[in-house]
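Engineer: Numbering (our numbering), first residue to last: 9 to 416.
Sharing a structure with you now.
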Amino acid sequence: MKSLLIDPRMAGVAGDMLLSALLDLTGDQECLPLLSKAVCELTHCTASIKALHTTSMGIGAIKMDIGLKGERFASAEDLARAFKNISNFMEMSPTVIDKGLEVISVLAEAESAVHEGHYHLHEVGSVDTVIDIAGVLWLLDKYEFMDGQISCLPVAVGNGIISMDHGKIPSPAPATLEILCKRAIPIASSTEKFELATPTGVALLACIVDDFIKIYPTSTPLKTGQGAGNAELESSPNIIRIIENISSCENIEQAILLETLIDDASGEILGHALNEMLDAGALDAYITPATGKKNRPAHLVSVLCVPGEEREMSCKLMQQTGSIGVRTRAVDRFMAERKVDKYKVEINDTKYPIRIKISTFDQHLISRKPEFDDLIEISKQTGLSPRIISEEVKRQCFLPIKDSNERD
Numbered sequence: 009m010k011s012l013l014i015d016p017r018m019a020g021v022a023g024d025m026l027l028s029a030l031l032d033l034t035g036d037q038e039c040l041p042l043l044s045k046a047v048c049e050l051t052h053c054t055a056s057i058k059a060l061h062t063t064s065m066g067i068g069a070i071k072m073d074i075g076l077k078g079e080r081f082a083s084a085e086d087l088a089r090a091f092k093n094i095s096n097f098m099e100m101s102p103t104v105i106d107k108g109l110e111v112i113s114v115l116a117e118a119e120s121a122v123h124e125g126h127y128h129l130h131e132v133g134s135v136d137t138v139i140d141i142a143g144v145l146w147l148l149d150k151y152e153f154m155d156g157q158i159s160c161l162p163v164a165v166g167n168g169i170i171s172m173d174h175g176k177i178p179s180p181a182p183a184t185l186e187i188l189c190k191r192a193i194p195i196a197s198s199t200e201k202f203e204l205a206t207p208t209g210v211a212l213l214a215c216i217v218d219d220f221i222k223i224y225p226t227s228t229p230l231k232t233g234q235g236a237g238n239a240e241l242e243s244s245p246n247i248i249r250i251i252e253n254i255s256s257c258e259n260i261e262q263a264i265l266l267e268t269l270i271d272d273a274s275g276e277i278l279g280h281a282l283n284e285m286l287d288a289g290a291l292d293a294y295i296t297p298a299t300g301k302k303n304r305p306a307h308l309v310s311v312l313c314v315p316g317e318e319r320e321m322s323c324k325l326m327q328q329t330g331s332i333g334v335r336t337r338a339v340d341r342f343m344a345e346r347k348v349d350k351y352k353v354e355i356n357d358t359k360y361p362i363r364i365k366i367s368t369f370d371q372h373l374i375s376r377k378p379e380f381d382d383l384i385e386i387s388k389q390t391g392l393s394p395r396i397i398s399e400e401v402k403r404q405c406f407l408p409i410k411d412s413n414e415r416d
């Protein structure tokens, strides 16, 4: 299965940069003529859409050259209608069309929030917004990237002053910042005095990215595409990179490990803290006996959480334990594939439904385990202990399927 890694740490993200990078990655020759024809036939605009080879600080890339003549959209409904017409002309699937409408909805909600309900499209109300969204989604769908994993590194937002309809304001633009906040998209620091992240760019990321990560994942890169922006930056190439890769293991995922050493809390406090961390969404939480300062007996409290949640989880861990410091580091987790099969087990001439959790890793069977809640339910009905019922389930159901009892 194909995977993509988007790297906007250097020069941020814009819709046309994403489109350019995907064109460079795929070498596609069909997208732009089709997109140009769709825009000209289905909107009140004429469009010239080209992909130019360029360099930025010596690095080769593709840059979009879009020439438009026509009206801006007055409402999100007009923007969505134009996108639907163009996407239908380009024969996109209903799923991809819905994804494009989601991007437009994210843009509309951000603009509405910024203006406190008085909606304005401003800079995203042009046909080139539709071109960016339609082109990016068409390429992702055509080359089956939508079926795989799309990950993204932190987004550089820049420190420049932006000239907008509102006047001059600091980067990032209000709508961009609203999307970044609402979707919890991590940002990267940048000294560039320029707007590096646009509303359309971050709205696309918000809707197409499956996982925002902080470091390169364990993987094998296959090829890369570079998409260039129009401005010349002071210290960095104005380029976004997209890398097609294959995971070194399909069963691996990233997590953040939080650790703190506690030598002044009771067992009741620490036990409650673990429950609170798990209730808050921790992937795992556990305590290890340790030795602290001045050779005091202590406890090492460890919490595993999803990348992007480490700050919030560290704060909660401090509140629950009284710790004044939490260490963090990124770790990889190998995960067994899990599925649940439904069987029926016969006890005293009565058949009872039972779910069995089956775990495999790299096509090797790891475990088969009856669902304990089902064992409890059968125990209530039969008067037998869950332990005895579990033994009977294993005897009857842990056979080759062709020899096992009736399945649902």
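All C-beta atoms, glycine included, are put in the ideal place defined by N, C-alpha and C.
Note that the structure is a prediction, hence the values are computed from the model and not measured.
#1: Quick one: residues in its chain with C-beta nearer than 6 Å to the C-beta of Arg304, no 5 flanking neighbours on either side, listed in chain order?
#2: Return the chain-ordered list of same chain residues with a C-beta closer than 6 Å to the C-beta of Asp382, the five sequence neighbours on each side being excluded.
#3: If you draw a straight line from the alpha carbon of Asp218 to that of Ala273, how long is it in whole angstroms?
#4: Is it the case that the Cβ atoms of Val339 and Leu265 are separated by a distance below 7 Å?
#5: Could you compute how far the alpha carbon of Val311 sits from the alpha carbon of Gly333?
#6: In whole angstroms, what separates the C-alpha of Met100 from that of Trp146?
#7: How many angstroms separate the CA atom of Glu186 from the CA atom of Pro180?
#8: With burial defined as no fewer than 16 other Cβ atoms inside 10 Å of the residue's Cβ, what is the status of Glu399: buried or exposed?
#9: Going by DSSP, which residues form a beta bridge with Gln157?
#10: Beta carbon of Ala183, beta carbon of Glu117: below 7 Å?
#11: Could you please give me the residues that DSSP links to His307 through a beta bridge?
#12: Let's test the definition: count the other Cβ atoms within 10 Å of the Cβ of Lys410 and tell me whether it reaches 16, buried, or not, exposed.
#13: Put Asp411 into one of helix, strand or coil per three-state DSSP.
#14: For Gln389, does the three-state DSSP call read helix, strand or coil?
#15: Mark Glu203 as exposed unless 16 or more other C-beta atoms lie within 10 angstroms of its C-beta, in which case mark it buried.
#16: Quick one: what's got a C-beta closer than 8 Å to Leu60's C-beta in the same chain, skipping five residues either side?
#17: Distance check for Gly143 and Met25, CA to CA, integer angstroms please.
#18: If we count the other Cβ atoms within 10 Å of its Cβ and call it buried at 16 or more, is Ala192 buried or exposed?
#19: Which residue wins for smallest C-alpha separation from Asp36, given the options Asp287, Lys58 and Thr336?
#20: May I have a chain-ordered list of the beta strand (DSSP E) segments no shorter than 3 residues that lie completely inside the region 220 to 250?
#21: How many whole angstroms separate the CB atoms of Ala90 and Thr208, which I take to be in contact at a CB cut-off of 8 Å?
#22: With a 10 Å radius around its C-beta and 16 neighbouring C-beta atoms as the bar for buried, classify Asn238 as buried or exposed.
#23: Return yes when the Cβ of Ala29 is within less than 7 Å of the Cβ of Asn246, no when it is not.
#24: Out of Gly275, Gly66 and Gly156, point me to the one whose CA is closest to Ser243's CA.
Structural biologist: Looking at the atomic coordinates:
#1: Asp271
#2: Ile362 and Arg363
#3: 39 Å
#4: yes
#5: 14 Å
#6: 7 Å
#7: 9 Å
#8: exposed
#9: Ser11
#10: no
#11: Ile270 and Pro297
#12: At Lys410 the pLDDT is 39, less than 50, meaning the model places this residue with poor confidence; the figure from the coordinates comes in the next sentence. Lys410 should be labelled exposed.
#13: Residue placement at Asp411 is flagged as unreliable, the pLDDT there being 35, under the threshold of 50; a coordinate-derived value is accordingly withheld.
#14: helix
#15: buried
#16: Ile70, Lys71, Met72 and Asp73
#17: 11 Å
#18: exposed
#19: Lys58
#20: 227 to 236
#21: Going by Cβ atoms, the distance from Ala90 to Thr208 rounds to 14 Å, so no, they are not a contact pair.
#22: exposed
#23: no
#24: Gly66
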